[in-house]
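Visitor: This structure is in structure tokens; I'll ask about it shortly.
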Amino acid sequence: MTQFPNHDQDKDLVHFLRQHRPEVPPASADLEQQILKDVEMWHPTFLSAPTRHRRSPLWLIQSVVAAGLVAAIVGYRALIPTQTSPAELAKLETFMESNWHGTIGDPPEGDVFSMTEPVTN
Numbered sequence: 012m013t014q015f016p017n018h019d020q021d022k023d024l025v026h027f028l029r030q031h032r033p034e035v036p037p038a039s040a041d042l043e044q045q046i047l048k049d050v051e052m053w054h055p056t057f058l059s060a061p062t063r064h065r066r067s068p069l070w071l072i073q074s075v076v077a078a079g080l081v082a083a084i085v086g087y088r089a090l091i092p093t094q095t096s097p098a099e100l101a102k103l104e105t106f107m108e109s110n111w112h113g114t115i116g117d118p119p120e121g122d123v124f125s126m127t128e129p130v131t132n
């Protein structure tokens, strides 16, 4: 652990401050009442009885309806598939046919890696 330099000087300072500290004046008996009076003067409603403003539940209903509409619109847009172009459909069809033929038939000639044939030198 790192210690602060001049640790002895700190002890001297603490001793000096303890020797020369002033006496704490006694608190007045009506200090609390005086503070509360000052607070009330600056903010009159601070100490008065709390008044509750009852909000209508209408704001909650409006918020729920608005959130539901936003969720419905976003969900509806997410579920609608995008329209693909005929070129993309043809490319996808070609890809699926080539993969299908590769899974049920013999692999095309010229494959570099084959799991069934042992490599002989």
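Residue numbers (the numbering used here): 12 to 132.
By construction, the Cβ of each residue, glycine as well, lies at the ideal position given by its N, Cα and C atoms.
1) Which stretch, first to last residue, makes up the alpha helix (DSSP H) that contains ALA89?
2) For ASP49, does the three-state DSSP call read helix, strand or coil?
3) Please state whether DSSP places ARG29 in a helix, a strand or coil.
Guide: Per the coordinate set shown:
1) Taking the first residue of the sequence shown as position 1, residue 89 is located at position 78. Under the DSSP assignment, ALA89 falls in the alpha helix (DSSP H) whose first and last residues are 69–90.
2) One-based indexing of the sequence shown puts residue 49 at position 38. Note: ASP49 maps to helix in three-state DSSP.
3) Here residue 29 corresponds to residue number 18 of the sequence shown, with the count starting at 1. It is helical.
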